[in-house]
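In this note's numbering, the protein residues as written are 72 to 337.
Positions of the beta carbon are idealized from the N, C-alpha and C atoms, including for glycine.
Put into structure tokens, the structure is as follows:
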């Protein structure tokens, strides 16, 4: 199995616990809880900021001494309702009580104390691409929202038979404004759940080139290189992206062999 593919640890409780140490990089962390109604969980953020994303279900959430009440409308991620999300700064604590069965993502990166705890509102809906490259995006916390020190978080729905994160692109050089260095995780879901998708992570020099079949609930690590993914006929793909690096900006370059696709769709 590829070292970039992380399978869930069971079906209940904290099924993902990806840290910079376990991933072998410096910024991004990703955790995922699958909670039954009535279960509670809490964590201290220590020196990291956190964005909690209710992928599915309802939960009562508090953070940094604030009670945000019961959040969440989307009972199944493929309803495509906008997600509920909460920002919690570093050196704080958060807690969640599942009001229904729920899936709670914990996205983290180094915090700098620059932002206050809050519910993330005004999450838009964007359509990107054309034809079999069409996908639909909820930009939860991208750089247009000044709500985090390091974190960039977004979720994407890719229709069955379509490609996503395509044409292949990379953001692995700290060379702003041409490119920013951003580590990235992809938390994948498939509909129906027995399906699979594909993701390739590769560099232009061939030093890294791995293609993975991804299943419902698995995470792909993208330390560098291009990282397109595809959904086979009959299976819709969802993924939640977490990105972070030395600068909270998303600047990337398309693969030179495939940039013509982006230009054609412009």
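Integer-rounded CB distance, given that residue j should sit under 8 Å from residue i
i	j	result
residue 310	residue 149	Contact doesn't hold; Cβ gap of about 12 Å is too wide.
residue 180	residue 110	Not quite, the Cβ-Cβ distance comes to about 26 Å (not below 8 Å), so this is no contact.
residue 86	residue 105	6 Å
residue 342	residue 130	Nothing in the structure corresponds to residue 342, since the chain is present only between 72 and 337.
residue 241	residue 323	6 Å
residue 154	residue 124	5 Å
residue 122	residue 264	Their Cβ separation, rounded to whole angstroms, is 25 Å, which puts residue 122 and residue 264 out of contact at 8 Å.
residue 223	residue 315	7 Å
residue 229	residue 210	Rounded, the Cβ-Cβ distance is 15 Å, inconsistent with contact.
residue 182	residue 120	3 Å
residue 165	residue 113	7 Å
Reduced DSSP category for residue i - H, G, I as helix; E, B as strand; rest coil
i	result
residue 295	coil
residue 210	strand
residue 281	strand
residue 204	helix
residue 234	strand
residue 330	helix
residue 275	coil
residue 315	strand
residue 226	strand
residue 113	strand
residue 92	helix
residue 270	strand
Rounded C-alpha distance that separates residue i from residue j
i	j	result
residue 207	residue 262	15 Å
residue 184	residue 253	20 Å
residue 284	residue 78	12 Å
residue 99	residue 295	13 Å
residue 127	residue 103	11 Å
residue 231	residue 303	6 Å
residue 178	residue 160	12 Å
residue 157	residue 139	8 Å
residue 214	residue 194	13 Å
residue 277	residue 325	16 Å
residue 266	residue 287	7 Å
residue 115	residue 299	34 Å
residue 205	residue 190	29 Å
residue 238	residue 136	43 Å
residue 260	residue 216	26 Å
residue 355	residue 334	Since the first residue of the chain shown is 72 and the last is 337, residue 355 is not available in this structure.
residue 143	residue 152	9 Å
residue 293	residue 96	10 Å
residue 305	residue 235	16 Å
Counted within 10 angstroms of its Cβ, other Cβ atoms place residue i as buried (16 or more) or exposed
i	result
residue 72	exposed
residue 274	exposed
residue 331	exposed
residue 282	exposed
residue 145	buried
residue 198	exposed
residue 327	exposed
residue 196	exposed
residue 256	buried
residue 233	buried
residue 248	exposed
residue 203	exposed
residue 312	buried
residue 84	exposed
residue 268	buried
residue 141	exposed
Chain B contact for residue i (CB, 7 Å cutoff)
i	result
residue 115	Given the protein chain composition of this structure (a single chain), no chain B is represented.
Residue i: CB within 6 Å of a non-hydrogen atom of the ligand ATP
i	result
residue 192	As presented, the structure is devoid of all ligands, the ligand ATP included, so that no description of it is given.
Can you list, in chain order, the stretches of the beta strand (DSSP E) that have 3 or more residues and sit fully within the segment 124-200? Annotation note: the segment 124-200 contains the following uninterrupted beta strand (DSSP E) runs of length 3 or greater, listed N- to C-terminal: 130-134, 137-142, 155-159, 164-169, 173-181 and 197-199.
Identify every run of the beta strand (DSSP E) within the segment 235-262, keeping only runs that are complete inside it and at least 3 residues long; order them along the chain. Fully enclosed beta strand (DSSP E) runs of 3 or longer: 254-262.
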